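> Take this structure, written in structure tokens, and hold onto it; I'll ask about it next.
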Amino acid sequence: MATTKEISIGDAGARASDAEGELSGETMMLNVGPSHPTTHGVLRLKMELDGDVVKKCEPVIGYLHRGTEKIAENMTYNQFVPYTDRLDYIAPLANNVAYALTVEKLANLEVPERCQAIRMLCCELARISSHLLGVGVYGMDAGAWTVFMYTFTEREKLYTLFEELTGARFTTSYTRIGGVARDIPDGWLGRVLEFCKGVLPVLDQVDKLLTRNRIFMDRTVGVGVISKEDALSYGLTGPNMRACGIDLDLRKDKPYLGYENYDFDVPIGTNGDCYDRYLMRAEEIRQSVGIIRQCIDKFPEGSYYAEDAKKIFAPQKSKVLTSMEELIQNFMITTEGPQIPAGEVYFEAENPKGALGFFITSKGGGVPYRLKVRGPSFCNLSILDKLIPGHYLTDITVILGSLDFVMGECDR
Amino acid sequence: MQNTTIAYDSKVEGEVIVTQADAVINWIRKHSVWPMPMGLACCAIELMASGGARFDISRFGMEVMRFSPRQADCMIVAGTVTYKMAEVVRRIYDQMAEPKWVVAMGACASTGGMYRSYATLQGVDNIIPVDVYISGCPPRPEALLDAMIKLQDKIGTERSVKNLIPKKADSVELAGAAKES
Amino acid sequence: MTTSDLALLKERFETLTERASSDHTALNCPADQLVELCTALRDDFGYDMLVDVTAVDWDAQSPRFTGIYHFLSTTKHEYLRVAADCADDINPSLPSLSAVFASANWHERETYDLMGIRYEGHPDLTRILMWDAYPYHPLRKDFPLAGIEVPLPAADVAETTGASVLPAPMMGGPFVSSADGPMSQTEPRAKDQSWNEKKVKPCGE
Numbered sequence: 044m045a046t047t048k049e050i051s052i053g054d055a056g057a058r059a060s061d062a063e064g065e066l067s068g069e070t071m072m073l074n075v076g077p078s079h080p081t082t083h084g085v086l087r088l089k090m091e092l093d094g095d096v097v098k099k100c101e102p103v104i105g106y107l108h109r110g111t112e113k114i115a116e117n118m119t120y121n122q123f124v125p126y127t128d129r130l131d132y133i134a135p136l137a138n139n140v141a142y143a144l145t146v147e148k149l150a151n152l153e154v155p156e157r158c159q160a161i162r163m164l165c166c167e168l169a170r171i172s173s174h175l176l177g178v179g180v181y182g183m184d185a186g187a188w189t190v191f192m193y194t195f196t197e198r199e200k201l202y203t204l205f206e207e208l209t210g211a212r213f214t215t216s217y218t219r220i221g222g223v224a225r226d227i228p229d230g231w232l233g234r235v236l237e238f239c240k241g242v243l244p245v246l247d248q249v250d251k252l253l254t255r256n257r258i259f260m261d262r263t264v265g266v267g268v269i270s271k272e273d274a275l276s277y278g279l280t281g282p283n284m285r286a287c288g289i290d291l292d293l294r295k296d297k298p299y300l301g302y303e304n305y306d307f308d309v310p311i312g313t314n315g316d317c318y319d320r321y322l323m324r325a326e327e328i329r330q331s332v333g334i335i336r337q338c339i340d341k342f343p344e345g346s347y348y349a350e351d352a353k354k355i356f357a358p359q360k361s362k363v364l365t366s367m368e369e370l371i372q373n374f375m376i377t378t379e380g381p382q383i384p385a386g387e388v389y390f391e392a393e394n395p396k397g398a399l400g401f402f403i404t405s406k407g408g409g410v411p412y413r414l415k416v417r418g419p420s421f422c423n424l425s426i427l428d429k430l431i432p433g434h435y436l437t438d439i440t441v442i443l444g445s446l447d448f449v450m451g452e453c454d455r
Numbered sequence: 349m350q351n352t353t354i355a356y357d358s359k360v361e362g363e364v365i366v367t368q369a370d371a372v373i374n375w376i377r378k379h380s381v382w383p384m385p386m387g388l389a390c391c392a393i394e395l396m397a398s399g400g401a402r403f404d405i406s407r408f409g410m411e412v413m414r415f416s417p418r419q420a421d422c423m424i425v426a427g428t429v430t431y432k433m434a435e436v437v438r439r440i441y442d443q444m445a446e447p448k449w450v451v452a453m454g455a456c457a458s459t460g461g462m463y464r465s466y467a468t469l470q471g472v473d474n475i476i477p478v479d480v481y482i483s484g485c486p487p488r489p490e491a492l493l494d495a496m497i498k499l500q501d502k503i504g505t506e507r508s509v510k511n512l513i514p515k516k517a518d519s520v521e522l523a524g525a526a527k528e529s
Numbered sequence: 000m001t002t003s004d005l006a007l008l009k010e011r012f013e014t015l016t017e018r019a020s021s022d023h024t025a026l027n028c029p030a031d032q033l034v035e036l037c038t039a040l041r042d043d044f045g046y047d048m049l050v051d052v053t054a055v056d057w058d059a060q061s062p063r064f065t066g067i068y069h070f071l072s073t074t075k076h077e078y079l080r081v082a083a084d085c086a087d088d089i090n091p092s093l094p095s096l097s098a099v100f101a102s103a104n105w106h107e108r109e110t111y112d113l114m115g116i117r118y119e120g121h122p123d124l125t126r127i128l129m130w131d132a133y134p135y136h137p138l139r140k141d142f143p144l145a146g147i148e149v150p151l152p153a154a155d156v157a158e159t160t161g162a163s164v165l166p167a168p169m170m171g172g173p174f175v176s177s178a179d180g181p182m183s184q185t186e187p188r189a190k191d192q193s194w195n196e197k198k199v200k201p202c203g204e
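As you go down the protein sequences, you meet chains A, B and C in turn.
Reminder that position 145 of the first sequence reads as 188 in the working numbering, one-by-one numbering, no gaps.
Reminder that position 4 of the second sequence reads as 352 in the working numbering, one-by-one numbering, no gaps.
Reminder that position 158 of the third sequence reads as 157 in the working numbering, one-by-one numbering, no gaps.
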């Protein structure tokens with residue numbers, strides 16, 4: 044006959060809490076990066092993990108510090124334009140424009156309307172390009188490879204447009220002090236409109252794939268919440284700051300390039316989590332398309348450079364080769380640089396990643412005395428050592444993707 | 349495969365061709381190069397674009413971009429290497445298993461590019477041996493694909509077999525040691 | 000900044016003077032009043048964001064270093080520049096604003112790294128862009144653009160490869176024209192004539 048024996052299993056919860064004392068032991072140091080697919084460039088995170096939860100996180104930057112600011116002290120203002128391309132290398136046109144605007148502010152130079160419209164178009168196209176990459180790579184980080192493929196195909200179309208306008212797919216070096224390098228080619232505006240028509244359905248598809256996706260929402264809603272006070276205190280700008288609920292967009296609040304003439308909305312978030320940051324970027328693409336359409340509608344005629352800036356903008360090649368005065372002017376500007384008066388200026392432009400600021404101290408002449416680049420990603424990343432602790436290890440991918448930073452402008 | 353390395357002996361039954369071991373090994377290696385993208389700066393974006401649908405590095409068998417050095421063949425250094433980053437690049441290169449190749453993509457990786465400054469390594473070939481240099485800032489994806497094709501040609505001319513057969517000197521030593529014991 | 004606000008501020012801090020600027024209002028502030036001024040700007044005058052902290056090295060002048068701060072008011076949409084001179088030219092230092100604005104933390108680390116200005120009261124003043132063992136402050140005017148030879152930060156890599164942090168080959172360049180003088184002097188010539196591949200310019204901290 045079988046014997047019966049009574050065993051008491053007890054409460055599973057009680058057993059777990061007993062064992063917790065044994066399980067939680069030492070913390071583990073984990074080093075993420077600098078060569079790591081999630082870190083979007085060369086960012087290193089020194090983390091202390093307790094099981095799966097991050098206890099401490101110390102970001103280490105500087106792996107892409109190339110000495111841009113020191114180089115600027117040895118270059119004329121126009122020679123520095125290619126270096127501005129490589130700051131936020133995902134939207135180079137926007138950096139070029141921000142830099143040119145800063146120097147023109149120092150020189151108290153106003154460019155004609157057509158030039159402003161061209162620059163504004165470039166900024167908005169750069170914004171679309173950057174946000175498409177931001178959303179695509181973010182989807183890829185969260186596991187959705189298709190989104191990456193769709194957005195990258197659209198970006199290729201943008202690259203074709205940029206190549207037609209400036210000669211390079213990206214790293215365009217398009218602006219000069221006092222204008223832009225060349226006028227827009229014939230039919231380019233029509234092709235931009237065609238692109239705008241094509242990008243909205245793709246955005247709708249991405250929307251369908253991500254915005255109400257159960258898995259995506261589970262991974263991003265409530266993750267990486269940044270409070271309003273933190274956003275202000277840490278100097279966050281751009282979509283990251285607006286996702287927290289702060290209404291500051293330099294295009295509307297301190298308009299430049301004629302943004303006050305266009306009608307567009309600025310999306311503002313509520314929770315400041317990763318999901319909101321994603322929504323910001325997706326909506327900003329739509330708003331940018333609206334601005335581009337309005338701009339092309341009333342595109343002004345005129346000159347693409349400031350014709351009366353004799354000591355700043357090099358004259359037309361046809362005149363240089365035939366007329367003495369223009370020859371001398373071209374020579375002086377090329378060798379000595381655009382003659383910018385002495386002074387100090389700080390100008391911030393609303394770049395896709397945030398507010399890109401340039402602080403220039405000039406002692407006169409063609410070479411700046413001190414040039415400081417205020418990279419938005421530098422400030423956006425400084426919040427990491429407060430934001431990441433308390434999250435799981437797998438949330439880090441999502442948080443980093445949502446902050447959408449670029450190490451080029453962080454390290455300079 | 350090079351036609352000069354294949355021979356067909358009609359007296360041997362079945363679909364058998366005679367060839368050099370080198371030819372087969374190199375053919376296998378060059379058509380499945382798995383790049384390890386050391387994407388540091390702007391060139392990384394062009395690297396990603398070459399993996400996209402328009403330029404499609406997959407037609408060469410290279411879409412498998414393994415970020416783990418242990419699983420990759422070819423390290424594509426795309427972007428500026430700073431002195432701070434140099435040790436990381438070297439360590440990752442050391443972790444890659446033989447056979448391995450390095451492609452220096454772009455001006456910054458080849459020679460330091462336009463960043464002649466205190467913080468930039470003037471060319472990644474100061475710390476790791478480079479097989480193919482690509483010029484451009486950034487090089488177009490077509491240029492990258494051209495470089496990968498050149499790398500394939502280079503792999504095709506390698507003497508791969510000598511790495512597989514142990515050196516005669518070692519075997520003599522072993523035999524001597526065995527005799528003693 | 001509105002004139003009434005500026006007047007109020009000047010009343011509270013008598014040591015403030017106005018600074019020449021091409022765009023926004025700029026103020027000169029002595030270093031010891033800096034923390035008080037910034038707290039007042041944040042709490043009472045609505046400048047709730049510190050967007051930039053940097054410094055300028057005036058080289059031959061004294062005071063040699065000036066710390067420059069930029070504030071932004073999200074409510075009034077105005078920028079403000081505050082400049083504070085460092086009293087000491089050899090070991091410049093300024094009080095840290097990291098208790099008032101969290102963004103000052105990393106910015107001050109960067110300014111310390113590149114310019115050598117010590118920030119008193121900073122929780123963790125270590126190098127951020129260059130590696131910890133780097134001995135120089137690169138953005139100072141007496142430091143050459145090409146850099147100075149130091150060993151690579153990782154000793155094992157330096158051993159295997161034989162590489163070190165070498166000065167970049169300048170070939171006598173970059174060729175930049177100087178600001179004033181007769182035209183034969185302002186032609187572009189190597190800015191740092193005393194240094195080239197054959198002749199090394201001594202530099203130190």
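Positions of the beta carbon are idealized from the N, C-alpha and C atoms, including for glycine.
Computed from a predicted structure; not experimentally measured.
Please state whether DSSP places R63 (chain C) in a helix, a strand or coil.
Reduced to three states, the DSSP call for R63 (chain C) is coil.
> Contact criterion: CB-CB distance below 7 Å. Does T205 (chain C) meet it with respect to chain B?
Because chain C is modelled from 0 through 204, residue 205 (chain C) falls outside the range shown and cannot be assessed.
> Taking all protein chains shown into account, do 16 or more other C-beta atoms lie within 10 angstroms of the C-beta of K415 (chain A), making it buried, or fewer, making it exposed?
buried
> Closer than 8 Å between beta carbons: that is the criterion. Which residues of the region 426-439 of chain B meet it against chain C?
Y431, K432, A434, E435, R438 and R439
> Which residues does DSSP list as the beta-bridge partners of I354 (chain B)?
B:T367
> Could you round the C-beta distance between A162 (chain C) and A145 (chain C) to whole angstroms and report it? I think they count as a contact, below 8 Å.
With 8 Å as the limit, A162 (chain C) and A145 (chain C) do not qualify as a contact, their Cβ atoms being about 16 Å apart.
> Starting from the Cα of L96 (chain C), find the closest Cα among C:D87, C:K75, C:H23 and C:G120 and give me that residue.
C:G120
> Y120 (chain A) versus chain C: which residues are under 8 Å apart at the beta carbon?
Going along chain C, no residue has its Cβ under 8 Å from Y120 (chain A), so there is no contact; the nearest lies around 11 Å.
> So with Cβ pairs under 7 Å, would you call S21 (chain C) a contact of chain D?
Within the model displayed, chain D is absent; protein chains A, B and C are what it includes.
> Would you say E387 (chain A) lies against chain C (beta-carbon separation less than 7 Å)?
yes
> Is A426 (chain B) helix, strand or coil when you go by DSSP?
strand
> Do the region 422-436 of chain A and the region 96-115 of chain A meet, that is, are 3 or more Cβ pairs less than 8 Å apart?
yes
> Excluding the five sequence neighbours on either side, which residues of its own chain have a C-beta within less than 6 Å of the C-beta of Y356 (chain B), listed in chain order?
I365
> Helix, strand or coil for D58 (chain C)? Go by DSSP, reduced to three states.
coil
> Mapping the DSSP letters down to three states, classify I442 (chain A) as helix, strand or coil.
helix
> Considering Cα atoms alone, identify which of A:F123, A:I439 and A:M71 is closest to Y412 (chain A).
A:F123
> Would a C-beta distance cut-off of 7 Å place A286 (chain A) and R320 (chain A) closer than the cut-off?
yes
> Along chain B, in chain order, which residues have C-beta atoms closer than 7 Å to that of V85 (chain A)?
L388 and M433
> List the DSSP bridge partners of S405 (chain A).
A:G386
> In the DSSP output, what is S92 (chain C) paired with across the bridge?
C:R117
> Rounded to a whole number of angstroms, what is the C-alpha to C-alpha distance between T428 (chain B) and I476 (chain B)?
14 Å
> Taking CB distances under 7 Å as the criterion, tell me whether S270 (chain A) reaches chain C.
no
> Would you say the region 332-346 of chain A touches the region 156-168 of chain A, given that touching needs at least three Cβ pairs under 8 Å?
Yes, since at least three Cβ pairs between the region 332-346 of chain A and the region 156-168 of chain A fall closer than 8 Å, the two stretches touch.
> How would you write the range of the beta strand (DSSP E) that D319 (chain A) sits in, first residue to last?
Counting along the chain, D319 (chain A) falls outside any beta strand (DSSP E), though it belongs to the alpha helix (DSSP H) covering C317 to D340.
> Would you please state the rounded distance, in angstroms, between the beta carbons of I426 (chain A) and L279 (chain A)? I believe it to be under 8 Å.
6 Å
> Give every residue of the same chain whose Cβ lies closer than 7 Å to the Cβ of T125 (chain C), excluding the five residues on either side of it in the sequence, and list them in chain order.
Excluding positions up to five away in sequence, the list reads R108 and D131.
> In chain A, which residues lie with their C-beta within 7 Å of the C-beta of S465 (chain B)?
R109, G110, K113 and I114
> Give the residues of chain C in contact with Q470 (chain B), contact being defined as C-beta atoms less than 8 Å apart.
L165, A167 and P168
> For F448 (chain A), is the classification buried or exposed, using 16 other Cβ atoms within 10 angstroms of its Cβ as the cut-off for buried?
With 16 or more Cβ atoms within 10 Å of its Cβ, F448 (chain A) is classed as buried.
> In angstroms with no decimal places, state the Cα-to-Cα distance between S529 (chain B) and Q443 (chain B).
Unreliable placement is indicated for S529 (chain B), whose pLDDT of 42 sits below 50; the coordinate value is still reported in the next sentence. Taking the straight line from one Cα to the other gives about 36 Å.
> Can you tell me where the alpha helix (DSSP H) with T203 (chain A) in it begins and where it stops?
W188 to T209
> Is any beta-carbon of chain A found at less than 7 Å from that of R414 (chain B)?
With a threshold of 7 Å between beta carbons, R414 (chain B) makes no contact with chain A.
> Suppose the cutoff is 7 Å on Cβ atoms and the five residues either side in sequence are ignored; what does the same chain contact list for M433 (chain B) look like?
Residues of the same chain with a CB within less than 7 Å of the CB of M433 (chain B), apart from the 5 flanking positions on each side, are L388 in chain order.
> Taking the straight line between their C-alpha atoms, what separation do you get for L36 (chain C) and E17 (chain C)?
14 Å
> Which class does L36 (chain C) belong to by DSSP, given the choice of helix, strand or coil?
helix
> Kindly list the residues whose CB is nearer than 8 Å to the CB of M48 (chain C), restricted to its own chain and excluding five residues on each side of it in sequence; keep chain order.
Excluding positions up to five away in sequence, the list reads F70, L71, S72, T73, F100 and S102.
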